[in-house]
Amino acid sequence: MKSEHLTHEEAQGYAENVLGPRQESAAAHLETCGNCRALVRQYELLFRGLKDETGFELPAGFAGSVAAKVAPQRTLSRYGGLIWSLAGSAAAVCLVYCFIDMWWLGELVSSILFGAGGMADSVASALQAVDARLPIRSGLLVVPVLILLVVTALDRIILGIRHSKAMFLAL
Amino acid sequence: MAARRTQIDRILAGDGKAFEEFVAQYQRLVSHVVFRMIDNRADREDVCQDVFLKIHGSLSGFRFESKLSTWVARVAYNKCLNYIEKKKLPLFEDLCGEDESIDSVAGEQVQPDALVEQKDLSNRLRCEIDNLPVPFRAILTLYHLDEMSYREIGRIMEMPEGTVKSYLHRARRLLRERLLAKYQPEEL
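Top to bottom, those sequences are chains A and B.
Following my numbering, the numbering of the first sequence begins with 109 at its first residue and continues without gaps.
Following my numbering, the numbering of the second sequence begins with 210 at its first residue and continues without gaps.
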């Protein structure tokens with residue numbers, strides 16, 4: 109038989125009936141000790157109150173309002189945005205390629221400033237150089253646009269497939 | 210388990226109805242964590258909503274390595290911690306120091322106006338729980354209201370089971386002391 113008083117931890121454990129082998133000796137002690145009985149009783153009351161607590165209700169229609177906020181718009185972004193990142197990077201590389209090699213601009217500026225054949229000649233020759241390159245470069249500008257269009261189209265197709273799958277699973 | 214997987218598959222496939230069912234299923238658990246950890250009533254619903262939006266965004270990463278309820282509660286707990294950090298609110302504002310006895314803090318923060326409004330044990334309890342440190346409140350709620358084990362609570366709060374157990378005992382003892390400091394045992 110347990111002769112000494114119950115600790116708070118033991119009183120809590122007894123009130124929850126989780127003391128295991130010590131439960132019996134604690135019960136024997138409680139028969140003779142009013143203080144420990146009161147302690148256990150207080151914890152029992154407290155636990156009942158904790159279990160029956162209320163006041164956590166969310167407004168009616170909460171689930172519907174949250175669900176409405178996540179209506180699917182893009183599907184490829186579900187994969188961590190990897191595909192969109194790749195498409196964006198490819199587009200960025202094309203754009204950089206289009207504009208980075210702009211030595212002809214420098215040529216134009218230097219020939220205007222330092223050209224020996226007069227400004228008009230310098231501008232004419234520089235523009236010829238621009239003419240020679242620009243069609244190829246400006247053609248490349250279409251590539252990033254195409255990449256993004258293809259990715260968007262894929263996104264819509266996958267969205268359609270996913271919707272069909274969702275409807276199938278819901279049946 | 211199979212039904213759970215199907216539900217998640219449907220949500221990932223963009224089925225809004227499935228997600229609505231999911232929210233309805235777990236809103237009780239999420240509101241327990243959020244309402245308990247966030248003091249500002251005006252922000253609670255928004256935080257609950259943020260929790261579910263976060264869950265929706267990261268559901269594809271759920272690997273069924275733990276119970277879904279544990280994972281949901283963990284997202285809610287972390288969201289609340291972020292909120293508390295963002296608002297620069299103290300996490301352990303009222304926690305007793307190692308050398309300070311629990312009895313010495315019992316009876317602090319008596320609010321006479323609030324006492325008048327406390328009509329029953331539930332209200333009295335709520336008032337006292339709201340004055341406890343945030344982790345104590347979370348543990349009390351997850352253990353008593355959501356009936357989670359020490360292990361599950363440990364996973365949610367990222368702390369050892371022993372710490373969970375110790376915090377729970379301390380929280381309950383603190384709660385008892387504070388209630389008894391304000392009310393007679395027969396009033397409870």
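Just so you know, even glycine gets a beta-carbon here, dropped at the ideal spot from N, CA and C.
Separation of residue j from residue i, as counted between CA atoms
| i | j | result |
| --- | --- | --- |
| residue 263 of chain B | residue 344 of chain B | 21 Å |
| residue 341 of chain B | residue 391 of chain B | 15 Å |
| residue 235 of chain B | residue 350 of chain B | 15 Å |
| residue 198 of chain A | residue 256 of chain A | 9 Å |
| residue 143 of chain A | residue 137 of chain A | 11 Å |
| residue 134 of chain A | residue 247 of chain B | 39 Å |
| residue 280 of chain B | residue 178 of chain A | 20 Å |
| residue 368 of chain B | residue 132 of chain A | 32 Å |
| residue 251 of chain A | residue 216 of chain B | 41 Å |
Nearest candidate by alpha-carbon position, reference residue i, set the options
| i | options | result |
| --- | --- | --- |
| residue 257 of chain B | B/240, B/272, B/251, B/357 | B/240 |
| residue 223 of chain B | B/266, B/244, B/287 | B/266 |
| residue 147 of chain A | A/259, A/115, A/269 | A/115 |
| residue 362 of chain B | B/282, B/260, B/290 | B/282 |
| residue 295 of chain A | B/386, B/378, B/213, B/335 | Because residue 295 of chain A is not part of the residues shown, which for chain A are 109 to 279, the question remains open. |
| residue 158 of chain A | B/386, B/393, B/331 | B/331 |
| residue 364 of chain B | B/290, B/276, B/384 | B/276 |
| residue 185 of chain B | B/242, B/269, B/337, B/252 | Chain B is shown only over 210 to 397; residue 185 of chain B falls outside these bounds and no answer can be derived. |
| residue 298 of chain B | B/387, B/385, B/386, B/249 | B/249 |
Endpoints, alpha helix (DSSP H) assigned at residue i
| i | result |
| --- | --- |
| residue 249 of chain B | Residue 249 of chain B -> no alpha helix (DSSP H), and no H or E assigned at all. |
| residue 160 of chain A | Segment: none, residue 160 of chain A is in no alpha helix (DSSP H) and carries neither H nor E. |
| residue 124 of chain A | 116 to 124 |
| residue 337 of chain B | 330 to 339 |
| residue 97 of chain A | There is simply no residue 97 of chain A to check, as chain A begins at 109 and stops at 279 in what is shown. |
| residue 221 of chain B | 211 to 221 |
| residue 347 of chain B | 343 to 349 |
Contact check, residue i vs residue j, beta carbons under 9 Å
| i | j | result |
| --- | --- | --- |
| residue 347 of chain B | residue 286 of chain B | yes |
| residue 381 of chain B | residue 155 of chain A | yes |
| residue 225 of chain B | residue 176 of chain A | yes |
| residue 171 of chain A | residue 284 of chain B | no |
| residue 237 of chain B | residue 227 of chain B | no |
| residue 164 of chain A | residue 273 of chain B | no |
| residue 161 of chain A | residue 353 of chain B | yes |
| residue 258 of chain A | residue 200 of chain A | no |
| residue 221 of chain B | residue 150 of chain A | no |
| residue 271 of chain B | residue 174 of chain A | no |
| residue 278 of chain B | residue 357 of chain B | yes |
Coil, strand or helix - residue i by DSSP
| i | result |
| --- | --- |
| residue 283 of chain B | helix |
| residue 272 of chain B | coil |
| residue 369 of chain B | coil |
| residue 241 of chain B | helix |
| residue 176 of chain A | helix |
| residue 358 of chain B | coil |
| residue 264 of chain B | helix |
Residue i beta carbon near the ligand ADP (any heavy atom closer than 8 Å)
| i | result |
| --- | --- |
| residue 374 of chain B | Of the ligands one can find in the structure shown there are none, so the ligand ADP has no counterpart to examine. |
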